[in-house]
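In what follows, a single structure is set out as structure tokens and then discussed.
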Amino acid sequence: KLINMPVVIGVPRSDFRDYQLYVPGSDPDTLDFDQNDVVANEYEYVSYKDPYSSHEDIKNLNLDETSKYYLKLSGPNVKMYFIAAEEVEWDYAGYGHRRLEKSQANSLQTKFTKVVFRGYLDSSFSTPDIRGEMDEHLGILGPLIKAEVGQSIMVVFKNNAKRPFSLHPNGVSYTKQFEGL
1 KLINMPVVIG VPRSDFRDYQ LYVPGSDPDT LDFDQNDVVA NEYEYVSYKD PYSSHEDIKN
61 LNLDETSKYY LKLSGPNVKM YFIAAEEVEW DYAGYGHRRL EKSQANSLQT KFTKVVFRGY
121 LDSSFSTPDI RGEMDEHLGI LGPLIKAEVG QSIMVVFKNN AKRPFSLHPN GVSYTKQFEG
181 L
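Residues 1 to 181 in this note's numbering are what the sequence shown spells out, letter by letter.
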């Protein structure tokens, strides 16, 4: 019943006062408006712009060369972050001592190996960024990446864990050339 019902299309008029309504005629593929302008089987061609076609000089670079290129392109307004994935023994029982009966205390294991993201102050990943009192509540969460409008962010990630890990910057805009780097 609903399949053959006409669809009314409202197109804004050139004077922006109201909408011009078009109702399909008996042939569902045509509209009841100036048919002289419509050529049978006419297609609208949209040009495709390949996002990887620009910047030919960075198309086939390795990671170090791309980083150098990006730093040169960004100038002095770059904020550097050094983040490593590390395996730690994490106690899921929390900070406080939970009261358990002695029979339960021996049977429940609360410490497990967990991978955490840690911030470092230098590119050698030897000086950890110690969290202050304001960031203590973050617990197992990784470091907070902060930047101001107009600044570029450069994150150097080092995987020290046994399994593969990576990170993705949510809420940060970047060009197609740097996607996945």
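Just so you know, even glycine gets a beta-carbon here, dropped at the ideal spot from N, CA and C.
Going by DSSP, LYS162 is part of no beta strand (DSSP E) at all; its letter is neither H nor E. A check of alpha carbon separations from GLN151 across ARG118, TYR174, GLY119 and TYR69 identifies TYR174 as the nearest. DSSP, read as helix, strand or coil, puts LEU73 in helix. The Cβ atoms of VAL116 and ILE140 lie closer than 9 Å to each other. Per DSSP, the beta-bridge partners of ASP91 are LYS111. Cβ atoms of LYS68 and ILE153 stay farther apart than 8 Å, at about 16 Å. In this structure, DSSP gives GLU86 an extended state, which the three-state scheme calls strand. Across the set HIS137, ALA93 and VAL172, the C-alpha of VAL172 shows the shortest separation from the C-alpha of VAL149. Assignment of LYS146 by DSSP, reduced to helix, strand and coil, places it in the coil class. Sixteen is the threshold: when 16 or more other Cβ atoms of the shown chains lie within 10 Å of the Cβ of PHE82, as they do, the residue is buried.
Contact check for GLU136 and THR113: beta-carbon distance about 23 Å, past the 8 Å limit, so the pair fails to qualify. Restricting attention to THR110, GLU133 and LEU138, the CA atom closest to the CA of ARG118 is found in LEU138.
Look at LEU138 here: in three-state DSSP terms it is helix. Separation of PRO76 and LYS111 (C-alpha to C-alpha, rounded to the nearest whole angstrom) is 44 Å.
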